[in-house]
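In the order they appear, the protein sequences are chains A and B. So the first sequence is numbered by full-length UniProt numbering: it starts at 1 and just counts up by one. So the second sequence is numbered by full-length UniProt numbering: it starts at 1 and just counts up by one.
Protein chains: 2
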Amino acid sequence: MLFAATVTFSHAQTPVYTSATELTLVGKIQATQQVYHRIDTTDYPDMPPAVKRLLTNSAGLAIAFKTNSTTVSAKWCTSPRTASANMTAIVYEGLDLYIKKDGRWQFAGVGMPNGDCSEYTLVRNMGEGEKECLLYLPLYDETTSLEIGVAEGATLQPLPDPFRKRILMYGSSILQGASASRPGIAYPARLSRDTGLNFLNLGLSGSAKMEKPVADMIASISADAFVLDCVPNSSPQEIKERTAYLVNTIRQHHPKAPILVIPSTVREHGAFDQVVGARVKAQNEQIEEEVNKLLRSGVKDLYLLSYRQQLGTDHEGTVDGTHPNDLGFDRMLQQLRPQFKAILRKYNIKVD
Amino acid sequence: MLFAATVTFSHAQTPVYTSATELTLVGKIQATQQVYHRIDTTDYPDMPPAVKRLLTNSAGLAIAFKTNSTTVSAKWCTSPRTASANMTAIVYEGLDLYIKKDGRWQFAGVGMPNGDCSEYTLVRNMGEGEKECLLYLPLYDETTSLEIGVAEGATLQPLPDPFRKRILMYGSSILQGASASRPGIAYPARLSRDTGLNFLNLGLSGSAKMEKPVADMIASISADAFVLDCVPNSSPQEIKERTAYLVNTIRQHHPKAPILVIPSTVREHGAFDQVVGARVKAQNEQIEEEVNKLLRSGVKDLYLLSYRQQLGTDHEGTVDGTHPNDLGFDRMLQQLRPQFKAILRKYNIKVD
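Take a look at the structure:
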C-alpha cells in the first residue's frame, strides 16, 4: 500500500510553474504593454473597434523553451468568451505543444481549456533528456496569463527564437486560424514550421477590410515581406477603393519588401448559394484588376498568388462552407507553400 | 422605402416547417421509441450505463428528402450538454446538409447550434428545380426534435433511402465521429457517400469495450456485414478476454456475414508519452493474436484490416493526439476504403 501510494504521488506530482514571460515569446508583431496582445491599439486610435478587439487575441504567439522534464503542464487564463460553433475550444482558447524530434517540430499534446482559467498536463511519461518545446497560444481569445509547469528539479530555460526573418501576414478569420482544430495548425504556424521563417499572424476575423488607419498601422510594422489575405472580408467595392492605398503605403515604408496577395479561397456553400458564389467571383476579379493596375503603375515586387485547386475537388475542405478545416488547410498549403517559397527565395530569404 | 421593406420581407420569409419524422430516416440501426435514439436500451437492460447513455446520441442518423425550395432551414433541440473541448459545436450538436449535384452528394451548408434549441437556415439563394437532400444529425448529443423548413409554397417530400445494404460498425469515439468538424465528415458517413452502402454508426465514445451484453446486442442487429473498430477503447486484457465472444456471437447469429476488424489508429502523443505508445502497440498485438486464434479455430469470413500509414507522416492528423481531425480522417479512409471495398465485393455486395 505504501509503495502504491508513493507511485501515485510521483505520477500526480505537482508541477513547478514559471511565468511564460521568463521564456522566449515567438511570433510577436510589435512590443505591447499586455504581453500576449498583438498590437497596442492605443498607439493607433483611429482603427475600427472590431479590429482593436481582435488585436487582443493571442493568435500566432508561441512560447519557446527547453526542459529536461518528463512532463509539461500549463496554467493559463483567457477572457470570458467561449468558442464559436465552428471552432473547437482547443483552437479558440486552448494550447498546443510541439517538441523537436529528429530535427523537426512534431505535435506532442494539447492544453484543453476548462472555463476561463485552466490547468492541464499537455504531455507526460516522456523519456529523459532535454527537449526543445514550442507552445502555441489560443488563436481566438485574449490570453491574460500563462505559466509553464515542469517536474520538480527539472530545468526550464528560454530557447532562442527558432524562426528567421519576419513575414507579416494580414488577413481574415482563415488566416487567424478558423477553423483549424488546434492553434498549431493555423496556416501561418504550419508555414513557419515548414520553412523556418517567422510568419506573423495578423488575422482579423471578419474585419480584414483594408481601412486606412489599419493600412497605416500595417505599414509601420517591421517586416521582410508582407502577405495580404484580406480579400475574403472585403467587398468588391472596398477592394477597388482600398487596395492601392494599402499596397502603396506598405511600399512607401518598405521600398524593397515583396508583397504577396492571396485571392479569396472558395466558399463551398457558394456551389448552391448563388449570391455567395457570385460575390467570391467578383472579389477575385476585383483584386486581380487592382493588382494589375498597381503593376502597370510601376509598383515592383508585388505578386498575386493563385489557388487553382481551391480546397480540393470533393468539397469536404471546410467546416461551414467558409472556413477551412484541417483537410482544407492542408490542401491550401499544398498550393500556396511552393509559391511562397519561390518568391521569398528571390529576395535572398533563406527557406528550409 | 416600401420597396426596400418588401425585399427585406421576402428575404426574411418565414420557412414552413415539417417534422422530420414525416421524411426518410437514414442510418437507423433498430426501431426505437424515441425516433433519434440508436437503440432502445430498455430492450438490453444489462448494458453498462455509459453505453446506454451514448445510444441516445443521434450519431449516424440523417434525413433524406427532396424539395424545390431555394432555401433549407431547420429547427432542432438537443439535450443540455455542450461540446467537449476537442469538438466543434457543429459536429457535437449541429446539422450538416448535403445536396445531390452531378450524381454525387456534395456539402451544401451547416446548421449552427445556438443553445439547446436552435433555428438556422442552412442554405439560401439556390436555383430553381428539385434538390435531393441529406441532412446529418448531431453526432454527440441526443436530438430531441427536428423540423425541416422550406419556402412557402415549395414542395417537401421523403426521398427513398439512397444507401443499399447494412454494414454495422461498432467502435470508439473515432467511429462516433470525434473529431470531425461536422457530422457529415464522420468516417462512416463518408464511407456511405463514397460506396453507396449504408454504414451504420454504433460508435460509443470511450465505451467500446466488447462487454458481453453489448456483444449480445450487436449480434441481434440485422446487418450484411460487421465492422469492429473497438480496439482503441479496450485494454489488451479486455481484447484477450472478450474478442472471441464478440466474434463468435456475431457469427452464430449471422453465419455468412463478413466481419472486418480494424486495429487501433496511432495516438500521436504516444510519440512522446511512452506509456501511451506502449499501450497502443500492446492493443494491436493482442487483437492480431485474437483474430489469428479465431481464424485457426475455423472462423470464416473474418478479416483484420491494416493501417500502415497511420494518420500520415507529418503527425498533424489529430486534434488532441487521439482523435483524428478531418485531415486524419481523410488519410485513414485512403487506407481503409480500398480494403472495405475489396472485401465487401467478395460477398456480392455492390459497391460504387
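Here a beta-carbon is modelled for each residue, glycine too, at the ideal position from N, C-alpha and C.
Run through DSSP, which three-state label would Leu-61 of chain A get? Within the first sequence, the letter at position 61 stands for residue 61 of chain A. Residue state, collapsed to three classes: coil.
Start and end residues, alpha helix (DSSP H) containing Gly-328 of chain B: Working through the second sequence from its first residue, we reach residue 328 of chain B at position 328. Gly-328 of chain B -> alpha helix (DSSP H) spans 326-346.
Taking the alpha-carbon positions, what's the Leu-68 of chain A to Thr-313 of chain A distance? On the first sequence, residue 68 of chain A is found 68 positions in, with the first residue counted as 1. On the first sequence, residue 313 of chain A is found 313 positions in, with the first residue counted as 1. Checking the sequence shown, residue 68 of chain A turns out to be Asn, not Leu. Roughly 45 angstroms between the two C-alpha positions.
Cutting at 6 angstroms between CB atoms, please list the residues of its own chain near Pro-113 of chain B, excluding the five before and the five after it. Numbered from its first residue, the second sequence carries residue 113 of chain B at position 113. The residues are Ala-89, Glu-93 and Gly-94.
Name the chain A residues whose beta carbon is nearer than 9 angstroms to that of Gly-127 of chain B? The residue you call residue 127 of chain B lines up with position 127 of the second sequence. Those are Phe-272 and Gln-274, listed as they occur along chain A.
Short Cβ contact (9 angstroms threshold) for Cys-77 of chain B with Lys-100 of chain B: Counting from one through the second sequence, the residue named residue 77 of chain B turns up at place 77. Counting from one through the second sequence, the residue named residue 100 of chain B turns up at place 100. No, these two residues do not count as a Cβ contact at 9 angstroms.
Looking only at its own chain, which residues have a Cβ that is under 6 angstroms from the Cβ of Leu-175 of chain B, when we skip the five neighbours before and after it? On the second sequence, position 175 is the one that residue 175 of chain B refers to. Answer for Leu-175 of chain B: Met-169, Gly-203 and Asp-229, listed in chain order.
Does any CB atom of chain A fall closer than 9 angstroms to the CB of Leu-327 of chain B? As a working note, residue 327 of chain B is residue 327 in the second sequence. Yes - at least one Cβ of chain A is within 9 angstroms of the one on Leu-327 of chain B.
With a threshold of 9 angstroms between beta-carbons, can Ile-63 of chain A be considered close to chain B, or not? For the purposes of this step, residue 63 of chain A is taken as residue 63 along the first sequence, with counting starting at 1. Chain B, which has no Cβ nearer than 9 angstroms to the Cβ of Ile-63 of chain A, makes this no.
Going by DSSP, which residues form a beta bridge with Cys-133 of chain A? Against the first sequence, residue 133 of chain A aligns to sequence position 133. Answer is A:Phe-65 and A:Ile-99.
Can you list the residues of chain A that Ile-174 of chain B reaches, using a CB-CB cut of under 8 angstroms? As a working mapping, residue 174 of chain B is identified with position 174 in the second sequence. Going along chain A, no residue has its Cβ under 8 angstroms from Ile-174 of chain B, so there is no contact; the nearest lies around 14 angstroms.
Might you give, ordered along the chain, the residues of its own chain that have their beta carbon closer than 6 angstroms to the beta carbon of Val-26 of chain B, omitting 5 neighbours on each side? On the second sequence, residue 26 of chain B is found 26 positions in, with the first residue counted as 1. Excluding sequence neighbours, Val-26 of chain B sits near Ala-62, Ala-64 and Asp-161.
Does any C-beta atom of chain B lie closer than 9 angstroms to the C-beta of Arg-182 of chain A? Position 182 of the first sequence, counting from 1, holds the residue named residue 182 of chain A. Judged by the 9 angstroms Cβ criterion, Arg-182 of chain A is in contact with chain B.
Closer than 9 angstroms to chain A by CB, Lys-101 of chain B: As a working note, residue 101 of chain B is residue 101 in the second sequence. It does: the Cβ of Lys-101 of chain B has a partner Cβ on chain A nearer than 9 angstroms.
Out of B:Gln-157, B:Thr-195 and B:Asp-46, state which residue places its alpha-carbon closest to the alpha-carbon of Thr-21 of chain B. Residue mapping note: residue 21 of chain B aligns to position 21 of the second sequence, counting from 1. Looking at the Cα atoms, B:Gln-157 is the closest of the given residues.
For chain B, find out if any of its Cβ atoms is closer than 9 angstroms to the Cβ of Glu-152 of chain A; answer yes or no. For the purposes of this step, residue 152 of chain A is identified with residue 152 of the first sequence, where counting begins at 1. Answer no: the Cβ-Cβ gap between Glu-152 of chain A and chain B never drops below 9 angstroms.
With DSSP as the reference, please indicate the residues paired to Asp-229 of chain B in a beta bridge. Here residue 229 of chain B is taken as the residue at index 229 of the second sequence, counted from 1. Note: Asp-229 of chain B sits in a beta bridge opposite B:Gly-171.
Output needed in chain order: residues of the region 272-300 of chain A with a Cβ under 8 angstroms from some Cβ in chain B. Phe-272, Asp-273, Gln-274, Val-275 and Val-276
Per the contact definition of three or more C-beta pairs closer than 8 angstroms, is the region 184-195 of chain B in contact with the region 277-287 of chain B? Not touching, per the Cβ criterion.
To the nearest angstrom, how far is it from the Cα of Glu-152 of chain B to the Cα of Thr-71 of chain B? For the purposes of this step, residue 152 of chain B is identified with residue 152 of the second sequence, where counting begins at 1. For the purposes of this step, residue 71 of chain B is identified with residue 71 of the second sequence, where counting begins at 1. Using only the alpha carbons, I get a separation of about 10 angstroms.
Give the C-beta separation of Leu-302 of chain A and Val-291 of chain A to the nearest angstrom, bearing in mind that I take them to be a contact with Cβ-Cβ under 8 angstroms. Taking the first residue of the first sequence as 1, we reach residue 302 of chain A at position 302. Taking the first residue of the first sequence as 1, we reach residue 291 of chain A at position 291. Contact flag correct, Cβ pair sits at about 6 angstroms.
Please state whether the Cβ-Cβ distance between Thr-41 of chain B and Leu-159 of chain B is less than 9 angstroms. Locating residue 41 of chain B in the second sequence gives position 41, where the first residue counts as 1. Locating residue 159 of chain B in the second sequence gives position 159, where the first residue counts as 1. Against a cut-off of 9 angstroms, the Cβ pair of Leu-159 of chain B and Thr-41 of chain B comes out as no contact.
Could you check if Ala-342 of chain A is buried or exposed, using at least 16 other CB atoms within 10 Å of its CB as the buried criterion? On the first sequence, position 342 is the one that residue 342 of chain A refers to. With fewer than 16 other Cβ atoms within 10 Å, it is exposed.
Write down every uninterrupted run of the alpha helix (DSSP H) in the region 201-281 of chain A whose length is 4 residues or greater and which is fully enclosed by it, in chain order. 212-219 and 236-253
Tell me, please, which residues DSSP counts as bridged to Phe-199 of chain A. As a first step, residue 199 of chain A must be located in the first sequence, where it is residue number 199. DSSP lists A:Ile-167 as the bridge partner or partners of Phe-199 of chain A.
Am I right that Thr-265 of chain A and Gln-310 of chain A are in contact with their C-beta atoms under 8 angstroms? What's the rounded C-beta distance? Within the first sequence, the letter at position 265 stands for residue 265 of chain A. Within the first sequence, the letter at position 310 stands for residue 310 of chain A. Right, their Cβ atoms sit about 6 angstroms apart.
Less than 9 angstroms between CB atoms is the rule here; does Gln-337 of chain A satisfy it with respect to chain B? The residue given as residue 337 of chain A occupies position 337 in the first sequence. Residue identity differs from the one stated: residue 337 of chain A is Arg in this sequence, not Gln. For Arg-337 of chain A, the answer is no, since every Cβ of chain B falls outside 9 angstroms of its Cβ.
Who are Tyr-17 of chain A's beta bridge partners in DSSP? As a working mapping, residue 17 of chain A is identified with position 17 in the first sequence. Looking at the DSSP assignment, Tyr-17 of chain A forms a beta bridge with A:Gly-149.
Do you know how far the Cα of Val-231 of chain B is from the Cα of Glu-316 of chain B? Here residue 316 of chain B refers to the residue found at position 316 when the second sequence is read from its first residue. Here residue 231 of chain B refers to the residue found at position 231 when the second sequence is read from its first residue. Going from the Cα of Glu-316 of chain B to the Cα of Val-231 of chain B covers about 22 angstroms.
Just the Cα atoms here: how many angstroms apart are Lys-66 of chain B and Glu-130 of chain B? Looking up residue 66 of chain B in the second sequence gives position 66. Looking up residue 130 of chain B in the second sequence gives position 130. If I take the Cα positions, the gap works out to 7 angstroms.
Per DSSP, which residues does Val-110 of chain B bridge with? Please list them. Counted from its first residue, the second sequence places residue 110 of chain B at position 110. When DSSP reads this structure, Val-110 of chain B sits in a beta bridge with B:Asp-96.
Sequence-distant residues of the same chain with beta carbon closer than 6 angstroms to Gly-328 of chain A, five excluded per side: Start at 1 with the first residue of the first sequence, and residue 328 of chain A comes out as number 328. Only Leu-311, Gly-317 and Thr-318 meet the Cβ criterion.
To which residues of the same chain is Ile-239 of chain A closer than 7 angstroms at the C-beta, ignoring the five residues directly before and after it? Taking the first residue of the first sequence as 1, we reach residue 239 of chain A at position 239. Taken in chain order, the residues that qualify are Val-231, Gln-283, Gln-286, Ile-287 and Glu-290.
Classify Lys-28 of chain A as buried or exposed, calling it buried when 16 or more other Cβ atoms lie within 10 Å of its own Cβ. Looking up residue 28 of chain A in the first sequence gives position 28. Buried, because 16 or more other Cβ atoms sit within 10 Å of the Cβ of Lys-28 of chain A.
For Ser-84 of chain A, which option in A:Met-126, A:Ala-178, A:Tyr-44 and A:Val-51 has the closest C-alpha, if you only look at C-alpha atoms? As a working note, residue 84 of chain A is residue 84 in the first sequence. Nearest option by C-alpha distance: A:Ala-178.
Which chain B residues sit within Cβ distance under 7 angstroms of Val-113 of chain A? Locating residue 113 of chain A in the first sequence gives position 113, where the first residue counts as 1. The sequence given here has Pro at residue 113 of chain A, not Val. Per Cβ cutoff of 7 angstroms: Ala-85.
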